[in-house]
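Residue numbers (our numbering), protein chains in the order written: chain A, 114 to 729; chain B, 553 to 694; chain C, 3 to 256.
Where a beta carbon is used, it is the ideal one built from N, C-alpha and C, also for glycine.
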C-alpha cells in the first residue's frame, strides 16, 4: 500500500503493532549467508510443514540473527523460539518434528541442541543468558534477528520509518544540526563528523547533488555492513533519504561490492517496497521531496571502497582514486557535490532523528559518541558481530563478549582496522576502543574489523599477509604505493624465509615513510601501518627471524621444524596423512619426522590424538 | 615583455618582395634573436627564396585569421596572442605531433630539430628583428 | 581579477584562482621536478616527484606534503620545495623508480641529483623503461584516439592495447612515444612506413620531394575532425615555402 502521508503511515504501523502483539509464538530462523549455506531455508520449511500438520498457529519467520558465539556461524542453522527466547543451534530439518513435539507442544527443552558455555561447560537455554549477547549494546544492530528483512511490515512494526516523517517535517538545516549534536562520526573508518560533512555539502552552490552509500566493505574479515544490508536494509534506506533531504539531493546510489549478492538482493527488495509505499520516489509521504536510489555493483576491487575511486566506478570509469585537495563534497560524482557515507553511518541516522541526538550522544565517549559494530574474529571463542558503546576496552570486547582465547592459549595481539590498521599487544588491552585512542597507539579502529591472535601467530607473517593483500589491491596509479608495497613485500617475504638482513629494517623505514608521505590515497598512506605497528611492538620477532633464523610464533615454514616427542603412542595416523612421506614409524613405536621431506603443512599436527608433535 | 604601446595600434609585418635583395640578413636576425645567449642556434622563422631572375621572396607566417595550423593542433598549443596579433606556440603544451607543420599551406610551421620543438614567427613579441634589420624595407612592421 | 597571494620558499608569488602551485612556481622561475606532468594533459599526480610541503598560519603548525601539479593555490599558503621531508620523499620515490627502470638515463640522472647512484631495493627481474606515468595514455585519449590505455591493477598494471590486439583507432601519430619521459615506447620509421603498436602505417609523403612527417591515418583523422581536405597535407613545409615564394614573385611581376 502507498503511504500518501505520515498519518496513513502511522495508522498502518499501529495496526501492525497490534497484530504483532497478538502473536503468541514465533520461530525465528537465521537467514544470514552463513546459516542459509547450512540449510536454514529447509529448516524453516520443515517448521512450516510440521506446525501445520500439528494444527498449530505459529508465525514461522525467517529473520537474520547475526553470528553469535564461537563457531555460531559454523554451528548454524540457528533457531530462536519466542517468547521464551530458547536458542537452538545446528538445527537440521530432521530435528524439527521433535522440536515441535517436545518444545512447542510440551515445553520440553532439547538439551542436545542448546549452546554450551565454553567456560562453565553448562548448556544455556536462552540467548539473553549467553555472554556474547548479554554484554553487547545493540543499537544499529537492534533489528537484526528480530525482523524479516524482506518484509516492510516487520520494519514498520518495530518503529521503522518513524524518523523519516519527523525529518521531512524539519528544515534541512535542523536535520543537519541534530546529526551534528549527536556527534555521529563516519563508521567506515575515516571517522569524519557526519554532520559537518552534510553541512559543507549543503553550502556548495552547485546542482545536482548526490548521496552515496558505501557498501563496498573490503577489509578482510569485516562483515558489519554486510549484516546490516542483509538484516535491516530499510534502516540504510531511511538514513539515506533523511541525508538526501538534509543536503538537498534527489538521487542516491548504494555501491555494493560484487561479493555480496544477498545484500544486493535484500537492498533491492527494500528499495522496491519503499518505492511502492511512497517512502522513496516522487513526493515522499506527500512532502513534495523526491529521492530515488539505485544500486551499483562493484567489480571486485578493494580500492573501490575509497570514496573517489568509488565515485569513478559509479560513473563507469576505472576505479582509481584522485587527489582530494578538492573534497568530494564539493566536486564528487560527475564533479558535483556528493555526500558519501558508510552503511553503518546511515543506519545510525534514523535512531538519531527518532530518539533524539541526546540519546545517541548519551552512549559512548565525548569524542566518539554512540556504539560501534565490530566483527570479532580470529582465535577468540565467541566469534561474530559485536556492538558495544564506544569507549569499551579491548579487554572487555575480547575477553568479555568474546569469551577469551580458544583453548585458553595466551593472547598475543589484536589486529584492528583491517589493512589500514595495526596490531596491538597485551599491554594495550585496556585501551578504550574509539576513533582516536587506538590511532594514538599505532593502530586504528577502522571500519570495525578485529582479529584476535594467539601465541601461535607470527607477527611478521601477519604484516606480510596484509602487505600481500594490498599489493594485489593497489590501483597502481602512484609510485609509492605500487612500487613501495611491492618492495615491502619482497623484504617481508625475505625475512619470513630467514634470508632477511638487518639493513632490511632501515629499508622498511624508508618505504613506510614514502608510503605515508607520498601516496595518493588512503590505501597507500595507511599501507605501512601493519608493518609499523608490528615493528613497534614486536621488533624482537623481526630480529629473531633475521639474526637467529627462528620464528617465535612457529609459523614461517623455512624457519621451523617439526618433531615427535615421547607422547607418541605409535598410532600411525600421521604417517598415513603425510602427503610427502616425511614420517616413518612402525605401530606402537615412536614415529619420526624427516626434516628434508617435511613441508610443515601441519596435517600431522591436526590428526595426532596425543598432541605429540612439537613445533620448534 | 610585450611593449604595450605597440599593441595599442595592432601593427603587422608587411612583405614587399620587389624590394628584397636576397641578403638574408632577416634570417640571421631571426636566428639570433631567438637564440639564448650561449645556446644552440635556433631555426629562423623567415625563409628567403631565390625565385629566379634576380627576384627574391622572404616567406614568413601570415598569422592567418582562420589558421590551418590552429585547426590541425589537437591540444590547443597554438594560440592567438591578443597583444601582438600573432599565433604563438605554447612550447610546454605542444606534443610534437607535427600535424601543423604539414598543414600550413605556406610552409611557415617549422620543426626546430636542435631544440626539439615546433617554431613559428612570433613577431618577436612586438619588435620584429627581421624588419629592424632589413636594409631595403622589404620587411616592414607598421 | 582577484589575485591570490602566497609564498614559495619564502618568496612572495601570486596567481589566479584555480591555478596550481606548480604553474605559479614555473612562472616565478622556481623549478620543481616532474615526470608525469605535461601541459597538454590533465594533471594526474601519479609520479609523486613534484611533492612540496605546505603549511599556513591558520593551520596551527600543521604541515603536509602534496603534489604541486594538482594543489590549488590559496591565500596565505606557505610552500616549501626543499624541506627535509620533501627531499626525503623525492629520494624515496626515485629509489623506487630506479628499481623499476634501472637503465633509464632520465631516472638515473634525477636519482643521482638526490644522491642515489643505484637503488637500495630489489631491481625488477625483467625491467623496462615504462614508469607508468600515464602520459601516453592520457595524451592518446586527449587527442581523441583512445588507442592505448592502462590495463590491469597494481603491480600488474601496464600500458597496453585493448585485449592486447592492435587498435583500429590508432593513427600512428607516435605522440605517445614522443611524450614518454623515459623513451619506453618505440617505433620504426623508414620514410614510407611507420611501425608502431603492432601496426604498419603509410606515411603521408610530400608529392614533390617525398619528405614525410605524419601518417596518412593521422592526416585523415585531422581532416575529418576539422572538416579540412586532404590536400592540406599533400606537400611538406619546404616545398610549400618555395611554392609560396614563387606565387608571391609572380604577383610582384604581374
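For this session: Give the secondary structure of residue 524 of chain A by DSSP, where H, G and I count as helix, E and B as strand, and everything else as coil.
Result: Translated into the one-based positions of the first chain, residue 524 of chain A becomes position 411. For residue 524 of chain A, the three-state secondary structure derived from DSSP is strand.
Exercise. If you count every other CB in all the chains shown that lies within 10 Å of the CB of residue 63 of chain A, and 16 or more means buried, which is it?
Worked result: The requested residue 63 of chain A does not occur in the structure, where chain A is confined to residues 114 to 729.
Exercise. Taking Cβ positions only, does residue 155 of chain C come closer than 8 Å to chain A?
Worked result: Here residue 155 of chain C refers to the residue found at position 153 of the third chain. With respect to chain A, the C-beta atom of residue 155 of chain C has a partner C-beta closer than 8 Å.
Exercise. Hey, does residue 4 of chain C have any beta-carbon neighbour from chain A nearer than 8 Å?
Worked result: Counting from one through the third chain, the residue named residue 4 of chain C turns up at place 2. Residue 4 of chain C is outside the set of residues whose beta carbon lies under 8 Å from a beta carbon in chain A.
For this session: Leaving out five residues on either side along the sequence, give the residues of the same chain with a beta carbon under 6 Å from the beta carbon of residue 682 of chain A.
Result: Numbered from its first residue, the first chain carries residue 682 of chain A at position 569. 723.
Problem set entry | chain C residues whose Cβ lies nearer than 9 Å to that of residue 573 of chain A | To locate residue 573 of chain A, count along the first chain from 1; it is residue 460. Correct list: empty, because the minimum Cβ distance to chain C is about 18 Å.
For this session: Spell out whether any CB of chain A is found under 8 Å from the CB atom of residue 253 of chain C.
Result: Against the third chain, residue 253 of chain C aligns to sequence position 251. No, no contact with chain A.
For this session: Indicate the three-state DSSP secondary structure (helix, strand or coil) for residue 195 of chain C in the structure shown.
Result: As a first step, residue 195 of chain C must be located in the third chain, where it is residue number 193. DSSP places residue 195 of chain C within a strand segment (E or B) once states are collapsed to three.
For this session: Confirm, please, whether the CB-CB distance from residue 241 of chain C to residue 207 of chain C is below 8 Å.
Result: One-based indexing of the third chain puts residue 207 of chain C at position 205. One-based indexing of the third chain puts residue 241 of chain C at position 239. Residue 241 of chain C is positioned such that its CB atom lies no closer than 8 Å to that of residue 207 of chain C.
Exercise. What in chain C is Cβ-close to residue 607 of chain B, meaning under 8 Å?
Worked result: Reading the second chain from its first residue, position 55 is the one you call residue 607 of chain B. By Cβ distance, chain C contributes 251, 254, 255.
Problem set entry | DSSP three-state assignment for residue 184 of chain A, whether helix, strand or coil | The residue given as residue 184 of chain A occupies position 71 in the first chain. Its pLDDT being 37, under 50, residue 184 of chain A is placed unreliably in this model, and the value from its coordinates should be taken loosely. Correct three-state label for residue 184 of chain A: coil.
Exercise. Mind listing which residues of the region 58–73 of chain C have their C-beta closer than 8 Å to chain A's C-betas, in chain order?
Worked result: For the region 58–73 of chain C, the residues whose beta carbon sits under 8 Å from a beta carbon of chain A are, in order, 67, 68, 69, 72, 73.
Exercise. Who are the Cβ neighbours of residue 275 of chain A in its own chain at under 6 Å, not counting the five residues just before and after it?
Worked result: Start at 1 with the first residue of the first chain, and residue 275 of chain A comes out as number 162. Contacts found: 467.
Exercise. Taking 8 Å as the CB-CB limit, is residue 102 of chain C close to chain A?
Worked result: In the third chain, the residue the question calls residue 102 of chain C occupies position 100. At a cut-off of 8 Å between beta-carbon atoms, residue 102 of chain C makes contact with chain A.
Exercise. Less than 8 Å separating the beta-carbons of residue 401 of chain A and residue 564 of chain A?
Worked result: Indexing the first chain from 1 puts residue 401 of chain A at position 288. Indexing the first chain from 1 puts residue 564 of chain A at position 451. At the C-beta level, residue 401 of chain A and residue 564 of chain A stay beyond 8 Å of one another.
Exercise. Excluding sequence positions up to five away, which residues of its chain have a Cβ less than 8 Å from the Cβ of residue 440 of chain A?
Worked result: Along the first chain, one-based indexing puts residue 440 of chain A at 327. Here the set comprises 313.
Problem set entry | residue 488 of chain A vs residue 300 of chain A beta-carbon contact at 8 Å | Here residue 488 of chain A is taken as the residue at index 375 of the first chain, counted from 1. Here residue 300 of chain A is taken as the residue at index 187 of the first chain, counted from 1. Not closer than 8 Å, so no.
Exercise. In angstroms, rounded to a whole number, what distance separates the CA positions of residue 646 of chain B and residue 628 of chain B?
Worked result: Stepping through the second chain from its first residue, residue 646 of chain B is reached at position 94. Stepping through the second chain from its first residue, residue 628 of chain B is reached at position 76. Those two C-alpha atoms are separated by around 8 Å.
Problem set entry | Span separating the alpha-carbon of residue 547 of chain A from that of residue 503 of chain A | Within the first chain, numbered from 1, the residue matching residue 547 of chain A stands at position 434. Within the first chain, numbered from 1, the residue matching residue 503 of chain A stands at position 390. Distance from the CA atom of residue 547 of chain A to the CA atom of residue 503 of chain A, rounded to whole angstroms, is 5 Å.
Exercise. In whole angstroms, what is the alpha-carbon distance linking residue 694 of chain B and residue 581 of chain B?
Worked result: Start at 1 with the first residue of the second chain, and residue 694 of chain B comes out as number 142. Start at 1 with the first residue of the second chain, and residue 581 of chain B comes out as number 29. Rounded to whole angstroms, the gap between the alpha carbons of residue 694 of chain B and residue 581 of chain B is 18 Å.
Problem set entry | Any C-beta of chain A under 8 Å from that of residue 87 of chain C | Along the third chain, read from residue 1 onward, the residue named residue 87 of chain C stands at position 85. Chain A contact via Cβ: present.
For this session: Kindly indicate which three-state DSSP category residue 601 of chain B falls into: helix, strand or coil?
Result: The residue you call residue 601 of chain B lines up with position 49 of the second chain. Strand at residue 601 of chain B.
For this session: Determine the chain C residues that contact residue 644 of chain B at a beta-carbon separation under 7 Å, and present them in chain order.
Result: Residue mapping note: residue 644 of chain B aligns to position 92 of the second chain, counting from 1. Around residue 644 of chain B, the beta-carbon contacts reaching into chain C at under 7 Å are 41.
For this session: Answer with yes or no whether the minimum CB distance from residue 585 of chain A to chain C is below 8 Å.
Result: As a working mapping, residue 585 of chain A is identified with position 472 in the first chain. Yes, contact with chain C.
Exercise. Is residue 26 of chain C close to chain A, meaning its C-beta is less than 8 Å from at least one C-beta of that chain?
Worked result: For the purposes of this step, residue 26 of chain C is taken as the residue at position 24 of the third chain. The beta carbon of residue 26 of chain C sits no closer than 8 Å to any beta carbon of chain A.
Exercise. Measuring CA to CA, which of C/32, C/10, C/45 is closest to residue 58 of chain C?
Worked result: Mapped onto the third chain, residue 58 of chain C falls at position 56. When each option's Cα is compared against that of residue 58 of chain C, the closest is C/10.
For this session: Could you tell me which chain A residues have their CB closer than 9 Å to the CB of residue 127 of chain C, listed as they occur along the chain?
Result: By one-based count along the third chain, residue 127 of chain C stands at place 125. For residue 127 of chain C, no chain A residue has a Cβ inside 9 Å of its Cβ, as the nearest lies near 11 Å away.
For this session: Using a Cβ-Cβ cut-off of less than 8 Å, give me the residues of the region 438–469 of chain A that come near chain C, in sequence order.
Result: Those residues of the region 438–469 of chain A that come within reach of chain C (Cβ to Cβ, closer than 8 Å) are 438, 439.
For this session: Could you name the residues that DSSP lists as bridge partners for residue 80 of chain C?
Result: Taking the first residue of the third chain as position 1, residue 80 of chain C is located at position 78. Under DSSP, the beta-bridge partners assigned to residue 80 of chain C are C/9, C/57.
Problem set entry | DSSP three-state assignment for residue 177 of chain A, whether helix, strand or coil | The sequence position of residue 177 of chain A within the first chain is 64, counting from 1. For residue 177 of chain A, the predicted model reports a pLDDT of 44, less than 50, meaning its position is unreliable; a value from the coordinates is still stated below. In the three-state scheme derived from DSSP, where H, G and I count as helix and E and B as strand, residue 177 of chain A is classed as coil.
For this session: Note the first and the last residue of the continuous beta strand (DSSP E) segment covering residue 595 of chain A.
Result: Residue mapping note: residue 595 of chain A aligns to position 482 of the first chain, counting from 1. Here residue 595 of chain A belongs to no beta strand (DSSP E); instead the alpha helix (DSSP H) covers 592–609.
For this session: For chain A, find out if any of its Cβ atoms is closer than 8 Å to the Cβ of residue 112 of chain C; answer yes or no.
Result: The residue you call residue 112 of chain C lines up with position 110 of the third chain. No, no contact with chain A.
For this session: Give the secondary structure of residue 536 of chain A by DSSP, where H, G and I count as helix, E and B as strand, and everything else as coil.
Result: Stepping through the first chain from its first residue, residue 536 of chain A is reached at position 423. In this structure, residue 536 of chain A counts as strand in the three-state DSSP scheme.
Exercise. Can you find a CB in chain C that lies within less than 8 Å of the CB of residue 621 of chain B?
Worked result: Start at 1 with the first residue of the second chain, and residue 621 of chain B comes out as number 69. Residue 621 of chain B does not count as touching chain C.
Exercise. Can you list, in chain order, the residues of its chain whose CB lies under 8 Å from that of residue 245 of chain C, leaving out five sequence neighbours each side?
Worked result: As a working mapping, residue 245 of chain C is identified with position 243 in the third chain. Only residues of its own chain outside the window of five on either side were considered, and among them 237 have a CB closer than 8 Å to the CB of residue 245 of chain C, listed in chain order.
Problem set entry | Selected residue, minimal CA-CA separation from residue 226 of chain A, among A/249, A/201, A/242, A/235 | Walking along the first chain from the start, residue 226 of chain A turns up at place 113. Distance from the Cα of residue 226 of chain A is smallest, within the candidate group A/249, A/201, A/242, A/235, for A/201.
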